[in-house]
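> Before I ask anything, let me first share the structure, which is written out below as structure tokens.
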Amino acid sequence: MASQDPFDSALDLLRRLNPKYTANNVNALINLVPDLTEDLLSSVDQPLQVQRCKKTGRDYLLCDYNRDGDSYRSPWSNEFDPPLTDGTLPSERVRGIEIAANDAFDIYRELYYEGGVSSVYFWNLDDGFAGVVLLKKCMYQSFVSSANESTGSWDSIHVFEATDRARISHYKLTSTVILNMINGDESLGEMDLSGNMTRQVEQDMPVGDDSSHIANIGKLVEDMELKMRNLLQEVYFGKAKDVVGDLRSISSLTQQEKDRSMHQEMISSMSKR
Numbered sequence: 001m002a003s004q005d006p007f008d009s010a011l012d013l014l015r016r017l018n019p020k021y022t023a024n025n026v027n028a029l030i031n032l033v034p035d036l037t038e039d040l041l042s043s044v045d046q047p048l049q050v051q052r053c054k055k056t057g058r059d060y061l062l063c064d065y066n067r068d069g070d071s072y073r074s075p076w077s078n079e080f081d082p083p084l085t086d087g088t089l090p091s092e093r094v095r096g097i098e099i100a101a102n103d104a105f106d107i108y109r110e111l112y113y114e115g116g117v118s119s120v121y122f123w124n125l126d127d128g129f130a131g132v133v134l135l136k137k138c139m140y141q142s143f144v145s146s147a148n149e150s151t152g153s154w155d156s157i158h159v160f161e162a163t164d165r166a167r168i169s170h171y172k173l174t175s176t177v178i179l180n181m182i183n184g185d186e187s188l189g190e191m192d193l194s195g196n197m198t199r200q201v202e203q204d205m206p207v208g209d210d211s212s213h214i215a216n217i218g219k220l221v222e223d224m225e226l227k228m229r230n231l232l233q234e235v236y237f238g239k240a241k242d243v244v245g246d247l248r249s250i251s252s253l254t255q256q257e258k259d260r261s262m263h264q265e266m267i268s269s270m271s272k273r
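Spelled out as structure tokens, the structure:
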């Protein structure tokens, strides 16, 4: 029997582990099999880390798409930290679009998330360019009176390719959302909702100049985030509500018996007719 590829085995293992600890699990696998380092870091979506740009003082997000070795490029200064002399940078034209896109999505982040951190990174392709839009929002609440805590984080990663054509650009967008929510209470215990979701879409959109790319990418990301938020609400929150409703009833047993008895009486009276 042929042995299974180590990379496929690592991915299968990660799918079966709690997505809340993806970063720790990836690091553990890298320590076990160092040869898989690059493949795992480029293939597995992890919760985004925040770092501060030393030149501008603004926060930015770390991912595999702005990493070169052990250094990360800031979208605000276009410089690597730690510094690199031969780091990969976008061309002058693509960098110009990247700057405008960071300004646009910074406004989008404030309007939709009312906080958090956003970062956009572009790089060159032979027939166009590609990029990633990153958004992160964390929440922490502590209620002393009821002795409970609520924590949560939302990480969205939108990777796209834009292929240039005559007055039209073909966009391919792959979006991943990583959700983690914990609500703890002394009387009810702790509830943990953690998971991720990935969706993909392709679309041709008209292009007049470089600013059209920003509007097109913004529309694709906005529509995709709306769809994924609705799906998460149905899958995570809807299912959790059903489970909690089946396990714990708000009304008393006496009231339930009374309602059940009234229901049986109505059925009996209707059947006699």
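All residue numbers for the sequence shown refer to full-length UniProt numbering, where the first residue is 1 and numbers rise by one.
Glycine residues also receive a C-beta, built at the ideal position from the N, C-alpha and C atoms.
Which of the three DSSP states is assigned to serine 145 in this structure?
As a first step, residue 145 is located in the sequence shown; it is residue number 145 there, counting from the start. Model confidence at serine 145 stands at a pLDDT of 49, short of 50, so the residue's coordinates are unreliable and nothing is read from them.
> Roughly how many angstroms lie between the CA atoms of serine 145 and glycine 184, to the nearest whole one?
Numbered from 1 along the sequence shown, position 145 holds the residue referred to as residue 145. Numbered from 1 along the sequence shown, position 184 holds the residue referred to as residue 184. In this predicted model, serine 145 has a pLDDT of only 49, less than 50, meaning its place in the structure is not dependable; the value taken from the coordinates is given anyway. Answer to the nearest angstrom: the Cα atoms are 13 Å apart.
> Quick check: what's the CA-CA separation for asparagine 230 versus threonine 85?
As a first step, residue 230 must be located in the sequence shown, where it is residue number 230. As a first step, residue 85 must be located in the sequence shown, where it is residue number 85. If you take the alpha carbons of asparagine 230 and threonine 85, they lie about 45 Å apart.
> May I ask you to report which of helix, strand or coil DSSP gives proline 269?
Position 269 of the sequence shown, counted from the start, is the residue given in the question as residue 269. Note that residue 269 corresponds to serine in the displayed sequence, not to proline. Note: serine 269 maps to helix in three-state DSSP.
> Ends of the beta strand (DSSP E) at aspartate 185?
Counted from its first residue, the sequence shown places residue 185 at position 185. Where aspartate 185 is concerned, the enclosing beta strand (DSSP E) stretches over 168–185.
> Please report the Cβ distance between serine 153 and leucine 135, rounded to the nearest whole angstrom; I am assuming they are in contact, meaning their Cβ atoms lie under 8 Å.
The residue labelled residue 153 in the question sits at position 153 within the sequence shown. The residue labelled residue 135 in the question sits at position 135 within the sequence shown. Incorrect: roughly 11 Å between the Cβ atoms, too far for contact.
> Between which two residues does the beta strand (DSSP E) harbouring valine 117 extend?
Within the sequence shown, numbered from 1, the residue matching residue 117 stands at position 117. Where valine 117 is concerned, the enclosing beta strand (DSSP E) stretches over 117–125.
> Using only the alpha-carbon positions, how far apart do glutamate 265 and lysine 258 sit?
One-based indexing of the sequence shown puts residue 265 at position 265. One-based indexing of the sequence shown puts residue 258 at position 258. When rounded, the distance between both Cα atoms is 11 Å.
> What's the C-alpha gap between glutamate 202 and glutamine 4?
The residue given as residue 202 occupies position 202 in the sequence shown. The residue given as residue 4 occupies position 4 in the sequence shown. In a straight line, the C-alpha of glutamate 202 is about 32 Å away from that of glutamine 4.
> At the level of alpha carbons, what is the spacing between phenylalanine 7 and isoleucine 30?
Within the sequence shown, numbered from 1, the residue matching residue 7 stands at position 7. Within the sequence shown, numbered from 1, the residue matching residue 30 stands at position 30. Cα to Cα, the separation comes out at about 11 Å.
> By the DSSP assignment, the alpha helix (DSSP H) with tyrosine 108 in it spans what residues?
For this step, residue 108 is matched to residue 108 along the sequence shown. Tyrosine 108 -> alpha helix (DSSP H) spans 92–113.
> Just tell me which of Pro83, Asp68 and Leu40 has its CA closest to the CA of residue 274.
Missing from the structure shown is residue 274; the chain here goes from 1 to 273 and no further.
> Once DSSP output is grouped into helix, strand and coil, what is the label at proline 206?
As a working mapping, residue 206 is identified with position 206 in the sequence shown. In the structure shown, proline 206 sits in a strand (DSSP, three-state: E or B).
> In terms of residues, what are the limits of the alpha helix (DSSP H) holding tyrosine 17?
Here residue 17 refers to the residue found at position 17 of the sequence shown. The displayed chain sequence assigns leucine, not tyrosine, to residue 17. Leucine 17 -> no alpha helix (DSSP H), and no H or E assigned at all.
> Look up leucine 89 in the DSSP assignment and say whether it is helix, strand or coil.
Counting from 1 along the sequence shown, the entry for residue 89 is found at position 89. It is coil, neither helix nor strand.
> Between the segment 209–217 and the segment 97–116, are three or more C-beta pairs nearer than 8 Å?
Cβ pair count under 8 Å is three or more, so yes.
> Would you tell me roughly how many angstroms separate the C-alpha atoms of glycine 57 and tyrosine 21, rounded to the nearest one?
Taking the sequence shown and counting its residues from 1, one reaches residue 57 at position 57. Taking the sequence shown and counting its residues from 1, one reaches residue 21 at position 21. Spanning the two alpha carbons is a distance of roughly 29 Å.
> In three-state DSSP terms, what is glycine 57?
Taking the first residue of the sequence shown as 1, we reach residue 57 at position 57. If DSSP states are grouped into helix, strand and coil, glycine 57 belongs with coil.
> Roughly how many angstroms separate the alpha carbons of serine 268 and glutamine 233, rounded to a whole number?
Here residue 268 refers to the residue found at position 268 of the sequence shown. Here residue 233 refers to the residue found at position 233 of the sequence shown. Answer to the nearest angstrom: the Cα atoms are 40 Å apart.
> Helix, strand or coil for asparagine 78, going by three-state DSSP, please let me know.
Counting from 1 along the sequence shown, the entry for residue 78 is found at position 78. Correct three-state label for asparagine 78: coil.
> Starting from tyrosine 65, trace the beta strand (DSSP E) both ways and give me its first and last residue.
Translated into positions along the sequence shown, residue 65 becomes position 65. Where tyrosine 65 is concerned, there is no enclosing beta strand (DSSP E), given that its DSSP letter is neither H nor E.
> Can the beta-carbon of asparagine 196 be found closer than 9 Å to that of valine 177?
The residue you call residue 196 lines up with position 196 of the sequence shown. The residue you call residue 177 lines up with position 177 of the sequence shown. Closer than 9 Å, so yes.
> Check each candidate in Gln200, Met181 and Thr198 and name the one with the smallest Cα separation from methionine 191.
Position 191 of the sequence shown, counted from the first residue, corresponds to residue 191. Checking every option, the nearest Cα to that of methionine 191 belongs to Met181.
> Exposed or buried, which one is histidine 158 when buried takes at least 16 other CB atoms within 10 Å?
Mapped onto the sequence shown, residue 158 falls at position 158. When all chains shown are included, histidine 158 counts as buried.
> Does the pairing of the segment 59–70 with the segment 116–136 give three or more beta-carbon distances under 8 Å?
Touching, yes.
> Would you decide whether glutamate 226 is buried or exposed? Buried here means 16 or more other CB atoms lie within 10 Å of its CB.
In the sequence shown, the residue the question calls residue 226 occupies position 226. The amino acid at residue 226 is misidentified as glutamate; the sequence shows leucine. The residue in question, leucine 226, is exposed, as its Cβ has fewer than 16 Cβ neighbours within 10 Å.
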